[in-house]
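All you need for our numbering is the position in the first sequence, starting with 1, plus 246.
Backbone N, C-alpha and C fix where the C-beta goes; we use that ideal spot for every residue, glycine too.
Step one of this worksheet: look at the structure below.
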Amino acid sequence: MSYMNEKLLKPYDPKNTEERIYKLWEESGFFNPDNLPGERKEAFTIIMPPANANGSLHAGHGLVMTIEDIIVRYKRMQGFKTLWLPGLDHAGFETQVVYEKQLEKEGRTRFGMDPELLYKEILNFTLTNSANIKSQIKQMGASCDWSREKFTLDDDIIKIVYQTFKRMYADDLIYRGNRIVSWCSKHQTSFSDLEIKDEERMDSLYYLKYGPFVIATSRPETKFGDKYVVMHPDDKRYQDYQDGQKIDLEWINGPITATIIKDEAIDMEFGTGVMTITPWHDNADFEIAERHKLDKEQIIDEFGKLLPVAGEFAGQHIKKARALIIEKLQTKGLVEKIEENYKHVVRTCYKCGTVIEPQIKSQWFVRMKPLAEKALEKINSEEIKYIPEHYKKITTYWLENIMDWNISRQIVWGIPIPAKICTKCGHGMVDLENKITKCTSCSGEVIKDNDTFDTWFSSGQWPYVVLGYPDNKDFKTFYPTNVMETAGDLVFFWVARMIMLGIYITDKIPFKTIYMHGMVLDAKGQKMSKSKGNVINPLTLTEKYGTDAFRIGMVVGNTPGTSLSLSEDKIRGYKNFANKIWNATRFVLDNTKDFIVPEVIEYDEEDKKSDEELKALMQEITKEMDEYKFYIVAEKLYHYFWHTFADVVIERSKKKILENQNANSAKTLLYTQLTTLLVALHPFIPFVTEEIWSMLPDKKNLLLVEKWPS
RNA sequence: GCGCGGUUAGCUCAGUUGGUAGAGCAACCCGUUUACACCGGGAAGGUCGCAGGUUCGAGUCCUGCACCGCGCACCA
247 MSYMNEKLLK
257 PYDPKNTEER
267 IYKLWEESGF
277 FNPDNLPGER
287 KEAFTIIMPP
297 ANANGSLHAG
307 HGLVMTIEDI
317 IVRYKRMQGF
327 KTLWLPGLDH
337 AGFETQVVYE
347 KQLEKEGRTR
357 FGMDPELLYK
367 EILNFTLTNS
377 ANIKSQIKQM
387 GASCDWSREK
397 FTLDDDIIKI
407 VYQTFKRMYA
417 DDLIYRGNRI
427 VSWCSKHQTS
437 FSDLEIKDEE
447 RMDSLYYLKY
457 GPFVIATSRP
467 ETKFGDKYVV
477 MHPDDKRYQD
487 YQDGQKIDLE
497 WINGPITATI
507 IKDEAIDMEF
517 GTGVMTITPW
527 HDNADFEIAE
537 RHKLDKEQII
547 DEFGKLLPVA
557 GEFAGQHIKK
567 ARALIIEKLQ
577 TKGLVEKIEE
587 NYKHVVRTCY
597 KCGTVIEPQI
607 KSQWFVRMKP
617 LAEKALEKIN
627 SEEIKYIPEH
637 YKKITTYWLE
647 NIMDWNISRQ
657 IVWGIPIPAK
667 ICTKCGHGMV
677 DLENKITKCT
687 SCSGEVIKDN
697 DTFDTWFSSG
707 QWPYVVLGYP
717 DNKDFKTFYP
727 TNVMETAGDL
737 VFFWVARMIM
747 LGIYITDKIP
757 FKTIYMHGMV
767 LDAKGQKMSK
777 SKGNVINPLT
787 LTEKYGTDAF
797 RIGMVVGNTP
807 GTSLSLSEDK
817 IRGYKNFANK
827 IWNATRFVLD
837 NTKDFIVPEV
847 IEYDEEDKKS
857 DEELKALMQE
867 ITKEMDEYKF
877 YIVAEKLYHY
887 FWHTFADVVI
897 ERSKKKILEN
907 QNANSAKTLL
917 YTQLTTLLVA
927 LHPFIPFVTE
937 EIWSMLPDKK
947 NLLLVEKWPS
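What follows is the structure, encoded as structure tokens:
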């Protein structure tokens, strides 16, 4: 029984294997590139997208951990000084939203809460969750270097982020501006253009009499302060009216004086070709007002209620006010007609669906054009490679049309913006040391900026901050990193910004290859959501079928970028695969007892053919691994193991061994093919393969660091 | 409106410079033989969304259309 392990007599049991094997790996220290055996000159680095510490591991995380672990294990076996750096994300707004929901359940609200207390509560919540998430990442078999783990609120991270803020301000890439921003009246914060979701809605389009004109609007509740009426300069219908001409007219709450403005932004085809503008609450109107230096007046407050300018409607919420306003306009005879079922797009908060109310606010903005131009250069010159390639097109389009980035958020959960604001002139000053006491522009009184950074402003710097830019040895060894693997919906939010900020600060691209995976959907191809009740928890699957089965099931047939339907049947199928390997091993070990693979191998003809076949396969898959085609490699290995190694090689060996005809050839082939396949399969299904490896009589080292055949 | 992706066996999806269509799962028939019933053997299953074009030859290249999914800074 010397070569046979008793465990092999029972079916493979992931539960009694995985935790033990993971511990073995961790204790070996090989997750840390500094401890890897042999001489390793070339580094290979992946920075893990920091996991949101506001819930449990979901199927998407499962995919991230699987793909990245496959890459990292492969590279480690190939002899690279391999680093996979894990991290956790405080996830600013996202986490605050999750926590606010929890508060709501408890009958509490963040408004009126002491900000410091709220911060502490969310911090506790986050730390509890991080511990959870961390152990779940380990359950997925992630071979990342926990000794280098980072959290987005670590002191050293914040320090570097602050330096960046200061430098960008000095370089005039950051400015404080009084500009129109997207405001969510539920969450009480402004957003960048990316936190907005366009939604098609059916509303009414109201045609209102405005003096001698008729204007079309879908938002009559904003019209109280409208005192500019705008038309296209070339519009013949209105050629008798002059730019700047004043007209007296009767409006919602009485007589007003309106001014005529001619502007080319007007679409002559739409409505009547005439509109009034509300610069405080509409992007296009704001632009027109800026061009003509017109007055801007706030009509709606931050909570969506009408201000005193609305007269008798003041204090009412806009949702309720609309109908009442139209009613009043109708009694005054100012409604020309109402077009029902008017289809248009409204901008909503991506989290709660509340209609975004543009507001003019003083905030910090990043001037994006110069940053985007440099990024475009690198992307267009192929210094950065996108997988799949079409993400490149999407990115360049976005970069070419980029808008300035509002990085101020009116929430407590995040990195505080280290700045002072002048109460007199509104001037903003970066103040890392908290020293400024007077406005540097007008000597007025200053207050601390109470806002926090958009979480992506700090995450956008992740690759170089986690490696300790600028002086840390790790930064010199592991930057630029090799692969950034993340979800496709983060192309703009995160990936593009990392490229821009990375180039700006380090003068180098932060990563050479971008691998984007698609969304994980349920078995029917539908988006998972709590409300639909179709959420699949990866941990239930790993518990039922083993982590290996889950991992390879996630990968086979899953081309990068396309979404993946996760079905339990598929995972179950790969559980059988793990067991198949297990049983094949039993057969091989049982038949190679007291047998030593000879130094000079002599195969008979058919065995020689099989030997060559596997060698050719290994070459093929090595190439495909380098091309990140894991979906093909996994399938090929599965297929070869089951339908060639087990069905042909093993079956054929039975007769030879029994009849002692070319038995040595058969035994040699059995043993070498098994070991080769274990090596090749290890990145995909690390637990079973490592467990079996430990049972092989001549393998003393961990499979984790076994050399990949090339 | 513009852009991107998809449409291949019942289901989920592969198909790498154009050369007779593939896998897994499911369904069907048969079977217990040095591992494995979490198994083996066998058979079945597709006018590759539609219409044109290029070519000796198109799932693959070009044009147009349809449907599904996703994204996008200014139409009130």
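Practice problem: Look up Asp-857 in the DSSP assignment and say whether it is helix, strand or coil. | Solution: The count along the first sequence starts at 1 and reaches residue 857 at position 611. Asp-857 falls in the helix class under three-state DSSP.
Quiz prompt | Any non-hydrogen atom of the ligand COA within 7 Å of Met-521 CB | solution = No copy of the ligand COA occurs in the structure displayed, which carries no ligand at all.
Quiz item: Which full runs of the alpha helix (DSSP H) of 4+ residues lie inside the stretch 576 to 638, going along the chain?
Solution: 615 to 626
Quiz prompt | Nearest to Ala-769 (by Cα), restricted to the options Asp-259, Gly-799 and Thr-752 | solution = Here residue 769 refers to the residue found at position 523 of the first sequence. Ala-769 has its Cα closest to that of Gly-799, out of Asp-259, Gly-799 and Thr-752.
Quiz item: Would you report the Cα separation of Arg-568 and Pro-466, rounded to the nearest angstrom?
Solution: To locate residue 568, count along the first sequence from 1; it is residue 322. To locate residue 466, count along the first sequence from 1; it is residue 220. Going by the C-alpha atoms only, they are around 6 Å apart.
Quiz item: Where Phe-549 and Thr-600 are concerned, what is the direct C-alpha to C-alpha distance, given to the nearest angstrom?
Solution: Position 303 of the first sequence, counted from the start, is the residue given in the question as residue 549. Position 354 of the first sequence, counted from the start, is the residue given in the question as residue 600. Roughly 11 Å between the two C-alpha positions.
Quiz item: Relative to the C-alpha of Ile-542, which residue among Ile-606, Ala-909 and Ile-506 is closest?
Solution: What you label residue 542 is simply residue 296 of the first sequence in a count that begins at 1. One detail in the question is off: residue 542 reads as Lys in this sequence, not Ile. Closest option to Lys-542, Cα to Cα, is Ile-606.
Practice problem: Starting from Met-448, follow its DSSP beta bridges and name the residues at the other end. | Solution: In the first sequence, residue 448 corresponds to position 202, counting from 1. In DSSP, Met-448 forms a bridge with Lys-589.
Quiz item: CB Gln-919 to CB Leu-863, shorter than 8 Å?
Solution: Sequence index remark: in the first sequence, residue 919 carries index 673 (1-based). Sequence index remark: in the first sequence, residue 863 carries index 617 (1-based). No. Outside cutoff.
Quiz prompt | Neighbour-count burial assignment, Tyr-820, 16 or more Cβ in a 10 Å radius | solution = Counting from one through the first sequence, the residue named residue 820 turns up at place 574. Result: buried.
Quiz item: Leaving out five residues before and five after Val-925 in sequence, what residues of the same chain have Cβ atoms less than 6 Å from its Cβ?
Solution: Residue mapping note: residue 925 aligns to position 679 of the first sequence, counting from 1. Here the set comprises Glu-952.
Quiz item: Just the Cα atoms here: how many angstroms apart are Lys-731 and Met-294?
Solution: Numbered from its first residue, the first sequence carries residue 731 at position 485. Numbered from its first residue, the first sequence carries residue 294 at position 48. Checking the sequence, you will find Glu at residue 731 rather than Lys. Between Glu-731 and Met-294, the C-alpha separation is close to 8 Å.
Self-check item: Where the alpha helix (DSSP H) containing Ser-274 begins and where it ends
Solution: Taking the first residue of the first sequence as position 1, residue 274 is located at position 28. Element bounds for Ser-274: 264 to 274.
Practice problem: Identify which residue in Lys-589, Lys-321, Lys-638 and Phe-290 has its Cα closest to the Cα of Phe-930. | Solution: As a first step, residue 930 must be located in the first sequence, where it is residue number 684. Taking only the C-alpha atoms, the option nearest Phe-930 is Lys-321.
Quiz prompt | Endpoints, alpha helix (DSSP H) assigned at Gly-308 | solution = Looking up residue 308 in the first sequence gives position 62. Its alpha helix (DSSP H) spans residues 305 to 323.
Practice problem: Over the uninterrupted alpha helix (DSSP H) stretch that includes Ala-556, give me the two end residues. | Solution: Translated into the one-based positions of the first sequence, residue 556 becomes position 310. Taken as a continuous stretch (DSSP letters only), Ala-556 belongs to no alpha helix (DSSP H), as it is neither H nor E.
Quiz prompt | Exposed unless 16 or more other CB atoms sit within 10 angstroms - verdict on Val-781 | solution = For this step, residue 781 is matched to residue 535 along the first sequence. By the neighbour-count rule (16 or more Cβ atoms within 10 Å), Val-781 is not buried but exposed.
Quiz item: Can you check whether the CB of Leu-645 is closer than 8 Å to the CB of Ala-618?
Solution: Along the first sequence, read from residue 1 onward, the residue named residue 618 stands at position 372. Along the first sequence, read from residue 1 onward, the residue named residue 645 stands at position 399. In contact: Ala-618 and Leu-645 (Cβ atoms closer than 8 Å).
Exercise. Using three-state DSSP, classify Arg-743 as helix, strand or coil.
Key: Here the question's residue 743 lines up with position 497 in the first sequence. Reduced to three states, the DSSP call for Arg-743 is helix.
Quiz item: Looking at the structure shown, is Thr-921 part of a helix, part of a strand, or coil, going by DSSP?
Solution: Residue mapping note: residue 921 aligns to position 675 of the first sequence, counting from 1. It is helical.
Practice problem: Let me know the secondary structure DSSP gives Thr-770 once reduced to three states. | Solution: In the first sequence, residue 770 corresponds to position 524, counting from 1. In the sequence as displayed, the identity of residue 770 is Lys instead of Thr. Looking at Lys-770 - three-state DSSP - the assignment turns out to be coil, as it is neither helix nor strand.
Practice problem: Would you check if there are 3 or more beta carbon pairs closer than 8 Å linking the stretch 739 to 754 to the stretch 709 to 721? | Solution: yes
Practice problem: Measure how close the beta-carbons of Thr-522 and Lys-469 come, nearest whole angstrom, since I'm counting them as under 8 Å. | Solution: The residue given as residue 522 occupies position 276 in the first sequence. The residue given as residue 469 occupies position 223 in the first sequence. Contact holds; Cβ gap of about 6 Å.
Quiz item: Would DSSP call Tyr-456 helix, strand or coil?
Solution: One-based indexing of the first sequence puts residue 456 at position 210. Three-state DSSP puts Tyr-456 in a strand.
Quiz item: Helix or strand or just coil, what does DSSP make of Trp-659?
Solution: By one-based count along the first sequence, residue 659 stands at place 413. If DSSP states are grouped into helix, strand and coil, Trp-659 belongs with coil.
Quiz item: Out of curiosity, what's the CA-to-CA distance linking Met-765 and Asn-825?
Solution: Taking the first sequence and counting its residues from 1, the one referred to as residue 765 is at position 519. Taking the first sequence and counting its residues from 1, the one referred to as residue 825 is at position 579. Taking the straight line from one Cα to the other gives about 29 Å.
Quiz item: In its own chain, which residues sit with a C-beta less than 7 Å from the C-beta of Asn-375, not counting the 5 before and 5 after it?
Solution: Here the question's residue 375 lines up with position 129 in the first sequence. Contacts found: Ala-299, Asn-300 and Gly-301.
Quiz item: Which stretch, first to last residue, makes up the beta strand (DSSP E) that contains Trp-939?
Solution: By 1-based counting over the first sequence, the position of residue 939 is 693. Segment 932 to 939 is the alpha helix (DSSP H) holding Trp-939; no beta strand (DSSP E) there.
Quiz prompt | Contact set for Lys-670: own chain, Cβ-Cβ below 6 Å, skip 5 residues either direction | solution = As a working mapping, residue 670 is identified with position 424 in the first sequence. Contacts found: Cys-688 and Gly-690.
Quiz prompt | Check whether Ser-705 and Trp-651 have beta carbons under 8 Å apart | solution = Residue 705 sits at position 459 when you count from the first residue of the first sequence. Residue 651 sits at position 405 when you count from the first residue of the first sequence. No, the Cβ-Cβ distance between Ser-705 and Trp-651 is not below 8 Å.
Quiz prompt | Buried or exposed (CB count within 10 angstroms, at least 16 for buried), Gly-284 | solution = What you label residue 284 is simply residue 38 of the first sequence in a count that begins at 1. By the 10 Å Cβ count, Gly-284 comes out exposed.
Quiz prompt | Given 8 Å, three or more beta-carbon pairs between the stretch 316 to 330 and the stretch 927 to 942 | solution = yes
Quiz prompt | Nearest candidate by alpha-carbon position, reference Ile-633, set Ala-556, Thr-642, Ile-760 and Tyr-643 | solution = Locating residue 633 in the first sequence gives position 387, where the first residue counts as 1. Answer by Cα proximity: Ile-760.
Quiz item: In the DSSP assignment, what residue or residues form a beta bridge with Thr-435?
Solution: The count along the first sequence starts at 1 and reaches residue 435 at position 189. Cys-430.
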